Amino acid sequence: MSDVKWVSVPSAFIFSGELRLDAEFYSRERLKAHILIDELKKSGISIGLIEDFSEKIFHRPRFRRNYVSKNEGDPYLMPNEIFLFPLKARKFIKDYPEGLKIEPDWILITCSGSVGRIRISDRVLSTYVMSHDLIRVIPKDKSSLGYIYAYLNTWIGQAFLTKTNYGGPIKHIEPHHVANIPIPIVDEDIMKKVNSRILEAHKMREEAQLKLLEAEKLFYTELSLPEIDENSVEYFGGDLGRKVKAFTVKASELDLRLDASYHIPLVRKVLDELSKSNLTIVPMQSILARAYVPPRFKRIYVKPEMGVPFLLPIHSVLVKYFDIKYLWKPLAEKPEYQLTPGMLLITRSGTLGRVMLVTEHISSWAASDDFIYTIPREDINPGYLVIFLQSVYGQAQIIRETYGGVIKHLEEFHITKIKLPLPDKSTQDKIGNLVIEAYELKDKANLLEQEAISMLERHLEELSGVSL
Numbered sequence: 001m002s003d004v005k006w007v008s009v010p011s012a013f014i015f016s017g018e019l020r021l022d023a024e025f026y027s028r029e030r031l032k033a034h035i036l037i038d039e040l041k042k043s044g045i046s047i048g049l050i051e052d053f054s055e056k057i058f059h060r061p062r063f064r065r066n067y068v069s070k071n072e073g074d075p076y077l078m079p080n081e082i083f084l085f086p087l088k089a090r091k092f093i094k095d096y097p098e099g100l101k102i103e104p105d106w107i108l109i110t111c112s113g114s115v116g117r118i119r120i121s122d123r124v125l126s127t128y129v130m131s132h133d134l135i136r137v138i139p140k141d142k143s144s145l146g147y148i149y150a151y152l153n154t155w156i157g158q159a160f161l162t163k164t165n166y167g168g169p170i171k172h173i174e175p176h177h178v179a180n181i182p183i184p185i186v187d188e189d190i191m192k193k194v195n196s197r198i199l200e201a202h203k204m205r206e207e208a209q210l211k212l213l214e215a216e217k218l219f220y221t222e223l224s225l226p227e228i229d230e231n232s233v234e235y236f237g238g239d240l241g242r243k244v245k246a247f248t249v250k251a252s253e254l255d256l257r258l259d260a261s262y263h264i265p266l267v268r269k270v271l272d273e274l275s276k277s278n279l280t281i282v283p284m285q286s287i288l289a290r291a292y293v294p295p296r297f298k299r300i301y302v303k304p305e306m307g308v309p310f311l312l313p314i315h316s317v318l319v320k321y322f323d324i325k326y327l328w329k330p331l332a333e334k335p336e337y338q339l340t341p342g343m344l345l346i347t348r349s350g351t352l353g354r355v356m357l358v359t360e361h362i363s364s365w366a367a368s369d370d371f372i373y374t375i376p377r378e379d380i381n382p383g384y385l386v387i388f389l390q391s392v393y394g395q396a397q398i399i400r401e402t403y404g405g406v407i408k409h410l411e412e413f414h415i416t417k418i419k420l421p422l423p424d425k426s427t428q429d430k431i432g433n434l435v436i437e438a439y440e441l442k443d444k445a446n447l448l449e450q451e452a453i454s455m456l457e458r459h460l461e462e463l464s465g466v467s468l
């Protein structure tokens with residue numbers, strides 16, 4: 001019975017709301033949030049609604065997506081893809097309804113599946129077509145943008161936002177759920193501090209994305225490499241062959257691999273372009289100090305004060321981290337799990353080949369054994385390696401090496417055999433320093449945002465005497 005969560009709820013709670021009988025709607029977190037709001041009211045704090053601060057709160061109707069190639073359509077982002085770093089569309093659509101584009105400085109909230117994840121839109125995001133499964137909140141003015149965002153990210157805001165969901169296996173929330181969330185109108189000085197810090201973090205994130213995009217462009221222009229994709233390669237059988245991805249392979253090129261993914265034409269195109277270039281091409285092994293997979297271990301998760309943040313593969317491509325767990329300190333402090341600034345973490349199980357750079361800000365964290373820990377030599381710019389491995393020239397070579405059944409895997413020796421174009425140090429630095437700055441800005445933004453959210457949480461808890 002110790003695993004059973006239960007709570008008694010006054011009948012007034014049921015009849016004053018949406019007449020909900022699902023237990024999650026009356027969760028401990030949501031009840032605590034209601035009590036906190038009631039205590040703030042009693043202490044004289046004004047309580048508004050999110051809609052009071054908003055010009056409009058809406059989402060778009062479902063529509064039939066017409067997916068096409070990159071050359072034929074506009075880049076399209078699914079809800080969880082708005083958090084990608086670097087931001088890249090995996091799908092392209094055309095003939096879509098009006099109203100799917102967004103403007104900078106809107107608040108975007110995921111409303112299906114993993115509900116309640118929040119992002120402020122920027123100039124980069126505004127160039128994409130957005131999924132209908134995002135609730136758009138247009139603030140009345142920028143002076144409240146950061147405060148609304150911070151409040152919705154506190155445990156109070158998240159309780160109101162995520163515990164109102166409905167549906168079966170896939171949960172949903174609607175615009176009216178967001179509009180009716182109560183929001184305390186606290187001291188103006190606190191609101192300004194929270195707002196300014198969130199907006200500063202938002203600006204850092206935008207700059208980080210722009211630097212990464214600039215580094216990607218420089219990679220191709222400085223190395224005189226063409227930008228290639230699936231449309232750049234020929235398949236056996238023309239258009240029909242392209243649909244089923246049919247191709248031929250010479251027996252002399254099999255390399256003792258009979259899995260088709262090892263021989264896809266895109267890989268051959270990548271290797272062909274590298275060999276035709278005037279660049280020095282070397283195996284990754286020659287420019288690495290070490291590449292290894294730490295021993296697998298039983299993860300002991302603890303409260304934040306007893307552990308260190310623990311990175312999982314999903315975190316490697318996110319501009320902000322969600323659902324961070326904390327690993328017991330004695331485990332995290334073992335040498336084989338230590339992170340160092342300039343190290344690359346490459347996902348090796350499940351979704352493969354995702355690459356992130358360890359900065360000073362997260363070097364005290366721990367990371368999963370589902371990463372390949374990759375340490376460049378001191379004379380190699382780690383940022384350059386990141387942008388290469390994230391490019392089609394790196395990704396195609398990584399993906400070809402995968403093995404396994406339902407869950408795919410990589411090993412460190414697969415990484416060390418990748419062929420890398422190695423320019424002179426000044427070119428490496430010109431490209432790589434932008435990448436390093438981008439990852440540092442991203443992590444600084446996350447720290448600053450968390451400071452603002454924690455400041456608001458503490459202030460509301462102190463005023464109400466209620467904590468989670």
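For the sequence shown, full-length UniProt numbering gives the first residue as 1, with consecutive numbering after it. Beta carbons: idealized from backbone N, C-alpha and C, even for Gly. Because the structure is a prediction, the values reported are computed rather than measured.
Terminal residues of the continuous beta strand (DSSP E) containing A289?
On the sequence shown, position 289 is the one that residue 289 refers to. Counting along the chain, the beta strand (DSSP E) containing A289 begins and ends at 288-292.
Use the C-beta contact count for T164: other C-beta atoms within 10 angstroms, 16 or more gives buried, fewer gives exposed.
By 1-based counting over the sequence shown, the position of residue 164 is 164. T164 is buried by the Cβ-count criterion.
Alpha carbon to alpha carbon, how far is P335 from M356?
Taking the sequence shown and counting its residues from 1, one reaches residue 335 at position 335. Taking the sequence shown and counting its residues from 1, one reaches residue 356 at position 356. Note on geometry: alpha-carbon atoms of P335 and M356 lie some 20 Å from one another.
Spatially closest choice to D339 from L318, W365, G353, by CA coordinates
Taking the first residue of the sequence shown as position 1, residue 339 is located at position 339. Contrary to the premise, residue 339 reads as Leu rather than Asp in this sequence. Per the Cα distances, W365.
For D424 and Y384, the rounded distance between their alpha carbons
Position 384 of the sequence shown, counting from 1, holds the residue named residue 384. Position 424 of the sequence shown, counting from 1, holds the residue named residue 424. Distance between the alpha carbons of Y384 and D424 is about 11 Å.
Segments of 4+ residues assigned as alpha helix (DSSP H) that fall wholly inside the stretch 309-367:
If we require 4 residues or more, the alpha helix (DSSP H) runs fully inside the stretch 309-367 come out as 329-332.
By the 10 Å Cβ neighbour count, where 16 or more other Cβ atoms means buried, how is T359 classified, buried or exposed?
If you number the sequence shown from 1, residue 359 lands on position 359. Buried, since its Cβ has 16 or more Cβ neighbours within 10 Å.
Can you list, in chain order, the residues of its chain with a C-beta nearer than 8 Å to that of L254? Leave out the 5 residues immediately preceding and following it.
As a working note, residue 254 is residue 254 in the sequence shown. Excluding residues within five positions, the ones whose Cβ falls inside 8 Å are H263.
With 16 other CB atoms within 10 Å as the buried threshold, where does G48 fall?
Indexing the sequence shown from 1 puts residue 48 at position 48. Under a 10 Å Cβ-count criterion, G48 is classified as exposed, with fewer than 16 other Cβ atoms of the shown protein chains found around its own Cβ.
9 Å Cβ cutoff met for V244 and L84:
Taking the sequence shown and counting its residues from 1, the one referred to as residue 244 is at position 244. Taking the sequence shown and counting its residues from 1, the one referred to as residue 84 is at position 84. It is not a contact, given that the beta carbons lie outside the stated cut-off.
Does the Cβ-Cβ distance between I362 and I181 come in under 9 Å?
As a working note, residue 362 is residue 362 in the sequence shown. As a working note, residue 181 is residue 181 in the sequence shown. Not a contact, by the Cβ cut-off of 9 Å.
Which residues share a DSSP beta bridge with G48?
Taking the sequence shown and counting its residues from 1, the one referred to as residue 48 is at position 48. Answer is I183.
State the start and end residues of the unbroken alpha helix (DSSP H) segment that holds R268.
Taking the first residue of the sequence shown as position 1, residue 268 is located at position 268. In this chain, the alpha helix (DSSP H) harbouring R268 covers 265-276.
Would you call the stretch 341-349 in contact with the stretch 367-376, where contact means no fewer than 3 C-beta pairs closer than 8 Å?
Verdict: yes, contact present.
Provide the residue(s) that pair with K91 in DSSP beta bridges, ordered along the chain.
For the purposes of this step, residue 91 is taken as the residue at position 91 of the sequence shown. Looking at the DSSP assignment, K91 forms a beta bridge with Y76.
Between the CA atoms of V267 and W233 - distance to the nearest angstrom
Along the sequence shown, read from residue 1 onward, the residue named residue 233 stands at position 233. Along the sequence shown, read from residue 1 onward, the residue named residue 267 stands at position 267. It should be pointed out that residue 233 corresponds to Val in this sequence rather than to Trp. Rounded to the nearest angstrom, the two C-alpha atoms are 10 Å apart.
So the beta strand (DSSP E) I380 belongs to, where does it begin and stop?
Reading the sequence shown from its first residue, position 380 is the one you call residue 380. Unbroken run through I380: none, as it is neither H nor E.
Among L36, V7, R30, S27, the one whose alpha carbon lies nearest that of E462:
Within the sequence shown, the letter at position 462 stands for residue 462. Of L36, V7, R30, S27, the residue nearest in Cα terms is L36.
Can you check which of these residues, E55, Y337, M130, K142, is closest to Y292 by C-alpha distance?
Counting from one through the sequence shown, the residue named residue 292 turns up at place 292. With respect to the C-alpha of Y292, the residue from E55, Y337, M130, K142 having the closest C-alpha is Y337.
K211 beta carbon less than 9 Å from that of L441
On the sequence shown, position 441 is the one that residue 441 refers to. On the sequence shown, position 211 is the one that residue 211 refers to. For L441 and K211, yes; Cβs fall inside 9 Å.
If you follow the alpha helix (DSSP H) that T110 is part of, which residue opens it and which one closes it?
Translated into positions along the sequence shown, residue 110 becomes position 110. Unbroken run through T110 is the beta strand (DSSP E), 107-110; no alpha helix (DSSP H).
Once you ignore the five residues that flank F25 on each side, which residues in its own chain have a CB closer than 7 Å to its CB?
Residue 25 sits at position 25 when you count from the first residue of the sequence shown. In chain order, K163, T164 place their CB closer than 7 Å to the CB of F25, counting only its own chain and leaving out the 5 sequence neighbours on each side.
Assumed close pair V68, D229 - CB separation to whole angstroms, cut-off 8 Å
Here residue 68 is taken as the residue at index 68 of the sequence shown, counted from 1. Here residue 229 is taken as the residue at index 229 of the sequence shown, counted from 1. Contact flag wrong, Cβ pair sits at about 13 Å.
Going by other Cβ atoms of all chains shown within 10 Å of its Cβ, with 16 needed for buried, is S454 buried or exposed?
Your numbering for residue 454 matches position 454 in the sequence shown. With fewer than 16 neighbouring CB atoms inside 10 Å of its own CB, S454 falls in the exposed class.
Have a look at D38 and G44 and give me their C-alpha separation to the nearest angstrom.
By one-based count along the sequence shown, residue 38 stands at place 38. By one-based count along the sequence shown, residue 44 stands at place 44. In this structure, the straight-line span from the alpha carbon of D38 to that of G44 is close to 10 Å.
Tell me, to the nearest whole angstrom, how far the beta carbon of E214 is from that of Y220; I am working on the premise that it is less than 8 Å.
Numbered from 1 along the sequence shown, position 214 holds the residue referred to as residue 214. Numbered from 1 along the sequence shown, position 220 holds the residue referred to as residue 220. About 11 Å separates the two Cβ atoms, so there is no contact after all.
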